[in-house]
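Asker:
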């Protein structure tokens with residue numbers, strides 16, 4: 110934990126987009142083009158070394174960890190240098206060599222749980238003009254009923270030409286687009302949104318005076334996350350099948366279904382490291398989750414330090430009396446002692462197995478374990494990889510594990526891995542960083558309403574190949590399942606998909622189709638759409654899946 114704290118504190122040095130002593134930043138522009146939930150973002154900046162001697166100028170960009178960098182170029186005094194992608198150790202060696210020779214070099218390093226910092230430096234003579242350009246891509250994930258696109262704006266100084274443009278094109282239509290006031294009161298009303306049926310354009314272009322912290326300040330007030338939220342029009346529960354550029358993407362986000370009943374065992378860390386703010390957050394998060402339970406749900410609570418205790422040895426119905434009693438139990442916990450995560454999770458699985466073997470679990474229900482912890486075992490089995498193996502060995506196919514990380518010094522990687530290995534869908538939902546704000550809203554809303562289980566999206570034989578994951582354990586309200594692949598040459602000009610799933614009262618089968626050529630014709634007419642979106646989306650999902658399998 111000490112090591113991790115040192116690492117994070119080193120990384121929390123003041124972030125500056127453009128570093129240098131005597132420099133003039135002429136422009137800083139960010140443009141995102143989102144086509145069918147796939148975003149292509151370009152960050153450009155133009156800088157002059159206005160000092161009297163040669164110096165190193167740095168260009169730093171914070172990008173979401175989910176994003177892939179697709180291109181980086183630098184233009185120094187009219188000569189363009191294009192970046193290349195290398196295997197990690199090779200890249201580090203080349204970077205060290207270039208730095209040693211005083212040459213231009215850039216490298217990406219990860220920092221906090223959902224961000225990465227791209228850093229580059231170039232050594233230039235006085236009077237030099239430098240233009241930096243970074244491109245990255247990411248897929249929009251739907252949560253709580255909308256997609257959210259975040260851009261990190263920290264110019265660190267006043268910039269004469271500062272502009273952010275977000276262009277959205279959704280073939281089925283945009284149902285809503287909004288920009289929460291995340292940059293602070295000063296910029297309220299400066300963000301302009303124009304939208305039509307399929308397109309939206311969001312622009313933020315404060316002039317020098319508007320960027321200032323105060324009327325005669327020299328510092329910039331722009332420091333934070335610029336957020337655009339939107340959702341698309343859905344005509345049917347069967348989903349949307351898009352075919353473009355020899356690839357297909359199927360989006361599936363049904364609504365108006367009754368939630369499935371849930372069986373939840375909460376496993377709460379009450380060791381000494383949870384003392385204070387962490388425990389307060391745990392109580393608040395637990396109260397929010399318990400409030401969402403209904404009489405059809407069953408639950409119990411296990412709390413652990415070096416010992417493991419059960420509030421109830423068996424699952425009980427989510428009646429108002431039981432929920433009130435559970436809340437009281439959690440409020441009275443006084444954290445102390447060590448952390449025996451392994452034994453607590455074993456006990457939780459045994460509780461679900463027992464209920465299942467006794468026939469107390471509704472066959473259409475969803476069974477899950479929710480681990481609330483900072484993820485640092487100190488007692489019993491403390492080797493993380495062994496804990497993962499042990500849990501995976503005893504977990505049944507139909508059980509899932511979600512983990513909710515609490516505090517600043519959380520071992521997110523461990524909590525994420527253990528959830529991903531046990532069908533806890535969606536990586537960042539599982540590890541809501543509960544710093545000091547109530548950000549567990551998304552987590553509780555997501556977990557509280559599973560609508561379908563055992564979802565399979567299939568296509569006729571010989572119509573597609575290289576299909577990404579197409580069997581899903583659960584679908585939660587407000588999220589979205591996405592399958593992509595290559596389209597094989599065919600006589601037909603439409604592709605059909607068949608989706609099967611189990612809902613609360615019945616099994617469902619849905620069918621939808623997509624035209625081979627229609628979308629490409631449409632995209633060709635759009636000025637700001639991203640034409641290769643289906644191919645890129647397929648590659649993006651495929652690589653993400655290969656990384657998580659690894």
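Numbering (my numbering), first residue to last: 110 to 659. Using N, Cα and C, we set each Cβ at its ideal position, and we do this for glycine too.
1) Is it the case that the region 290 to 300 contacts the region 153 to 170, given that we only count it when at least three CB pairs across the two stretches are under 8 Å?
2) Can you name, in chain order, every residue of its own chain whose Cβ lies under 7 Å from the Cβ of residue 654, other than the five neighbours on each side?
3) Consult DSSP for residue 261 and reduce its assignment to one of helix, strand or coil.
4) Output the boundary residues of the alpha helix (DSSP H) element that contains residue 393.
5) Is the Cβ-Cβ distance between residue 373 and residue 439 less than 9 Å?
6) Mind listing, in chain order, the continuous alpha helix (DSSP H) runs of no fewer than 4 residues lying wholly within the region 438 to 492?
7) Can you give me the C-alpha to C-alpha distance between residue 275 and residue 262, rounded to a whole angstrom?
8) Tell me the rounded alpha-carbon separation between residue 607 and residue 516.
9) Report, in whole angstroms, the separation of the C-beta atoms of residue 603 and residue 624, which I expect to be a contact under 8 Å.
10) Which residues mark the beginning and the end of the beta strand (DSSP E) in which residue 238 is found?
11) Taking only the alpha-carbon atoms, compute the straight-line gap between residue 311 and residue 335 and give it to the nearest angstrom.
12) Rounded C-beta distance between residue 419 and residue 409? I'm assuming under 8 Å.
13) Within 10 angstroms of the Cβ of residue 381, are there 16 or more other Cβ atoms? Answer buried if so, exposed if not.
14) Based on the DSSP secondary-structure assignment, which residues constitute the bridge partners of residue 600?
15) So, with DSSP's three-state summary, where would you put residue 656?
16) Comparing C-alpha positions only, which one of 280, 446 and 337 sits nearest to residue 628?
17) Pick out whichever of 187, 256, 599 and 564 has its Cα sitting closest to the Cα of residue 571.
18) Can you give the Cα-Cα distance for residue 647 and residue 135, rounded to whole angstroms?
19) Using only the alpha-carbon positions, how far apart do residue 535 and residue 529 sit?
20) Ends of the alpha helix (DSSP H) at residue 631?
21) I'd like the span of the alpha helix (DSSP H) that includes residue 515, first residue to last.
22) Buried or exposed: residue 249, going by 16 or more other Cβ atoms within 10 Å of its Cβ?
23) Exposed or buried, what is residue 562 when buried is set at 16 or more other beta-carbons lying within 10 Å of its beta-carbon?
24) The alpha helix (DSSP H) with residue 180 in it runs from where to where?
25) Measuring CB to CB, does residue 555 end up less than 9 Å from residue 514?
26) Among 331, 195 and 238, which one has its Cα closest to the Cα of residue 322?
27) On the three-state DSSP scale, how would you describe residue 381?
28) Quick one: is residue 580 buried, meaning 16 or more other Cβ sit within 10 Å of its Cβ, or exposed?
29) Helix, strand or coil, according to DSSP, for residue 431 in the structure here?
30) Around the Cβ of residue 445, are there at least 16 other Cβ atoms within 10 angstroms (buried) or fewer (exposed)?
31) For the region 355 to 365 against the region 381 to 400, are there 3 or more C-beta pairs whose distance is under 8 Å?
32) Return the chain-ordered ranges of every beta strand (DSSP E) run that is complete within the region 298 to 343 and spans a minimum of 3 residues.
33) If you check the beta carbons only, do residue 414 and residue 468 fall under 9 Å apart?
34) Out of 473, 636 and 339, state which residue places its alpha-carbon closest to the alpha-carbon of residue 405.
35) Who are the Cβ neighbours of residue 137 in its own chain at under 6 Å, not counting the five residues just before and after it?
36) Kindly indicate which three-state DSSP category residue 641 falls into: helix, strand or coil?
Answerer: Considering the structure as presented:
1) no
2) Taking the chain shown and counting its residues from 1, the one referred to as residue 654 is at position 545. For residue 654, where only same-chain residues beyond five positions count, the Cβ hits under 7 Å are 577 and 578.
3) Counted from its first residue, the chain shown places residue 261 at position 152. In the structure shown, residue 261 sits in a strand (DSSP, three-state: E or B).
4) Position 284 of the chain shown holds residue 393. Where residue 393 is concerned, the enclosing alpha helix (DSSP H) stretches over 386 to 400.
5) Along the chain shown, read from residue 1 onward, the residue named residue 373 stands at position 264. Along the chain shown, read from residue 1 onward, the residue named residue 439 stands at position 330. Contact: no.
6) 450 to 466
7) For the purposes of this step, residue 275 is taken as the residue at position 166 of the chain shown. For the purposes of this step, residue 262 is taken as the residue at position 153 of the chain shown. Whole-angstrom Cα-Cα distance: 14 Å.
8) Within the chain shown, the letter at position 498 stands for residue 607. Within the chain shown, the letter at position 407 stands for residue 516. Residue 607 and residue 516: Cα-Cα distance of roughly 43 Å.
9) As a working mapping, residue 603 is identified with position 494 in the chain shown. As a working mapping, residue 624 is identified with position 515 in the chain shown. That belief holds up - the Cβ atoms of residue 603 and residue 624 are roughly 5 Å apart, short of 8 Å.
10) Numbered from its first residue, the chain shown carries residue 238 at position 129. 238 to 248 is the extent of the beta strand (DSSP E) around residue 238.
11) Counting from one through the chain shown, the residue named residue 311 turns up at place 202. Counting from one through the chain shown, the residue named residue 335 turns up at place 226. C-alpha separation (whole angstroms): 11 Å.
12) Numbered from 1 along the chain shown, position 310 holds the residue referred to as residue 419. Numbered from 1 along the chain shown, position 300 holds the residue referred to as residue 409. Their Cβ separation, rounded to whole angstroms, is 7 Å, which keeps residue 419 and residue 409 in contact under 8 Å.
13) Counting from 1 along the chain shown, the entry for residue 381 is found at position 272. Looking at its Cβ environment, which holds fewer than 16 other Cβ atoms inside 10 Å, residue 381 is exposed.
14) As a working note, residue 600 is residue 491 in the chain shown. Residue 600 is not bridged to any residue.
15) Looking up residue 656 in the chain shown gives position 547. If DSSP states are grouped into helix, strand and coil, residue 656 belongs with the helices.
16) Taking the first residue of the chain shown as position 1, residue 628 is located at position 519. Of the listed residues, the one whose Cα sits closest to residue 628 is 280.
17) For this step, residue 571 is matched to residue 462 along the chain shown. Minimum Cα distance to residue 571 is reached at 599.
18) Taking the chain shown and counting its residues from 1, the one referred to as residue 647 is at position 538. Taking the chain shown and counting its residues from 1, the one referred to as residue 135 is at position 26. One C-alpha to the other measures close to 37 Å.
19) Numbered from 1 along the chain shown, position 426 holds the residue referred to as residue 535. Numbered from 1 along the chain shown, position 420 holds the residue referred to as residue 529. Unreliable placement is indicated for residue 535, whose pLDDT of 35 sits below 50; no coordinate value is reported for it.
20) Residue 631 sits at position 522 when you count from the first residue of the chain shown. Note, residue 631: alpha helix (DSSP H), 627 to 634.
21) In the chain shown, residue 515 corresponds to position 406, counting from 1. Counting along the chain, residue 515 falls outside any alpha helix (DSSP H), and DSSP gives it neither H nor E.
22) Mapped onto the chain shown, residue 249 falls at position 140. By the 10 Å Cβ count, residue 249 comes out buried.
23) Locating residue 562 in the chain shown gives position 453, counting from the first residue. Its Cβ being crowded by 16 or more others within 10 Å, residue 562 is buried.
24) Working through the chain shown from its first residue, we reach residue 180 at position 71. Premise fails: residue 180 lies in the beta strand (DSSP E), 177 to 185, not in any alpha helix (DSSP H).
25) Position 446 of the chain shown holds residue 555. Position 405 of the chain shown holds residue 514. Their beta carbons are not under 9 Å apart, which means residue 555 does not touch residue 514 by this criterion.
26) Counting from 1 along the chain shown, the entry for residue 322 is found at position 213. Selected option, being the one with the closest Cα: 331.
27) As a position in the chain shown, residue 381 is number 272, starting the count at 1. Three-state result, residue 381: helix.
28) By one-based count along the chain shown, residue 580 stands at place 471. Counting Cβ neighbours within 10 Å, residue 580 comes out exposed, since fewer than 16 surround it.
29) Taking the chain shown and counting its residues from 1, one reaches residue 431 at position 322. Note: residue 431 maps to helix in three-state DSSP.
30) By 1-based counting over the chain shown, the position of residue 445 is 336. Counting Cβ neighbours within 10 Å, residue 445 comes out exposed, since fewer than 16 surround it.
31) no
32) 300 to 304, 308 to 313 and 333 to 341
33) Within the chain shown, the letter at position 305 stands for residue 414. Within the chain shown, the letter at position 359 stands for residue 468. Contact flag unset, no.
34) Within the chain shown, the letter at position 296 stands for residue 405. The candidate whose alpha carbon is nearest that of residue 405 is 473.
35) Within the chain shown, residue 137 is the residue found at index 28, counting from 1. Closer than 6 Å at Cβ, skipping near neighbours: 154, 264, 268 and 271.
36) Residue numbering aside, residue 641 sits at position 532 when the chain shown is read from its first letter. Note: residue 641 maps to coil in three-state DSSP.
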